[in-house]
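Residue numbers (our numbering): 4 to 356.
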């Protein structure tokens, strides 16, 4: 039996982002019966969850985000280091403990570095330096380093020991739910034309700029985000909630309803600037909707250059006002196969075991 601890996510059945989706799929789609997972859950996750076979959860009564996140990772490492064969780091802020612990016992380390976290504006100077230090350290003390996007290869240290693999996040769309009277009341826009964006309320996701670009437009924008989770998100919500053509939905976690909104949109607008293979973008590839994306290397890699790419937000209105044939901007079905969760889980298990 290969005992694998997963450190760094919010935990099993959390709803915070790509790492949490990865954890859920590794647990629920586990292929190798010889792998046993120990997953650390934060206080932000549900209590008394039912775990899939071969999965154990240890719930810690602190948050996995913000300042507490560092202690969450350190505590998780100390609790599991002498009990497991492999540690999968989702984010590497806890990796400075590993050189010290390796003096006593060697454990196989696999690090999903996340991305260029030190460039995010939410972090101060010292936090950015620490995150960059951890990024470089992970290439020394990991057996494998996982990148979720090929673009991140440009940031590799000049010298490193780890084997580097590119494993994106997967995507899956619920197609069972259809429009009914109850949903028409709940989401009045669902039967009309609307442009959709799904994004966390982070400054570098530029949701404020997206909303500004739709002020005075004849087109409707539906923006789904966790507005209430940050002062930035609350500010965006308060600034744009009274515009009739800008519909803001705060924290929609019912996947069937979210996927229905995805499937029915006229096109999807992706504004992330610092994400790698963003799960929200992958979901729209699977949903087979036209995509309008911020023009950067990560998004182009994810989309394999399918879609309309904009460099300035004014480009969006100029583009959609021409009534383009949007079906020309749907990623091919061949690309969908690259983001199949079963394939990605199998690829992870091949390096975990």
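Built from N, CA and C at the ideal position, the CB exists for glycine as well.
Opening and closing residue of the alpha helix (DSSP H) in which residue i lies
i: residue 306; result: 300-306
i: residue 139; result: 128-144
i: residue 216; result: 210-217
i: residue 345; result: 344-355
i: residue 53; result: First-last for residue 53: undefined, no H or E at that position.
i: residue 104; result: 101-104
i: residue 335; result: No alpha helix (DSSP H) holds residue 335; DSSP gives it neither H nor E.
Cross-strand partners of residue i (DSSP beta bridge)
i: residue 275; result: Residue 275 is not bridged to any residue.
i: residue 111; result: 89
i: residue 168; result: 149
i: residue 294; result: 271
i: residue 39; result: 6
i: residue 249; result: 224
i: residue 330; result: Answer by DSSP bridge pairing: none, since residue 330 is not bridged.
Same chain, Cβ closer than 8 Å to residue i, neighbours up to 5 away in sequence not counted
i: residue 126; result: 120, 134
i: residue 338; result: 288, 306, 307, 309
i: residue 258; result: 177
i: residue 159; result: 142, 167
i: residue 245; result: none
i: residue 332; result: 270, 293, 294, 295, 309, 310, 311
i: residue 262; result: 176, 177, 178, 180, 286, 290
i: residue 182; result: 193, 194, 263, 267
Limits of the beta strand (DSSP E) - the one that residue i falls within
i: residue 61; result: 58-62
i: residue 7; result: 5-10
i: residue 15; result: That residue, residue 15, is in no beta strand (DSSP E); it is neither H nor E in DSSP.
i: residue 34; result: Segment: none, residue 34 is in no beta strand (DSSP E) and carries neither H nor E.
i: residue 314; result: First-last for residue 314: undefined, no H or E at that position.
i: residue 180; result: Residue 180 -> no beta strand (DSSP E), and no H or E assigned at all.
8 Å Cβ cutoff met for residue i and residue j
i: residue 316; j: residue 295; result: no
i: residue 256; j: residue 225; result: no
i: residue 239; j: residue 272; result: no
i: residue 20; j: residue 282; result: yes
i: residue 123; j: residue 355; result: no
i: residue 232; j: residue 204; result: yes
i: residue 65; j: residue 43; result: no
i: residue 62; j: residue 47; result: no
i: residue 58; j: residue 6; result: no
i: residue 112; j: residue 90; result: yes
i: residue 279; j: residue 72; result: no
Contact set for residue i: own chain, Cβ-Cβ below 6 Å, skip 5 residues either direction
i: residue 12; result: 22, 23, 26, 93
i: residue 264; result: none
i: residue 55; result: 30, 31
Cβ shell of residue i (< 7 Å), same chain only, five flanking positions each side left out
i: residue 52; result: 15, 16, 60
i: residue 375; result: The displayed coordinates of the chain run from 4 to 356. Any statement about residue 375 would go beyond what the structure contains.
i: residue 330; result: 293
i: residue 28; result: 173, 344, 348
i: residue 352; result: 34, 35, 38
i: residue 243; result: 214, 249, 251
i: residue 201; result: 227, 283
i: residue 236; result: 204, 228, 229, 230
Neighbour flag for residue i against chain D, beta carbons, 8 Å
i: residue 5; result: The chain inventory of the structure shown lacks chain D, comprising one protein chain alone.
Mind the definition here: the segment 315-331 touches the segment 201-220 only if three or more C-beta pairs lie below 8 Å; say whether that holds.
yes
Should the segment 185-194 be regarded as contacting the segment 97-108, the criterion being three or more beta carbon pairs within less than 8 Å?
no
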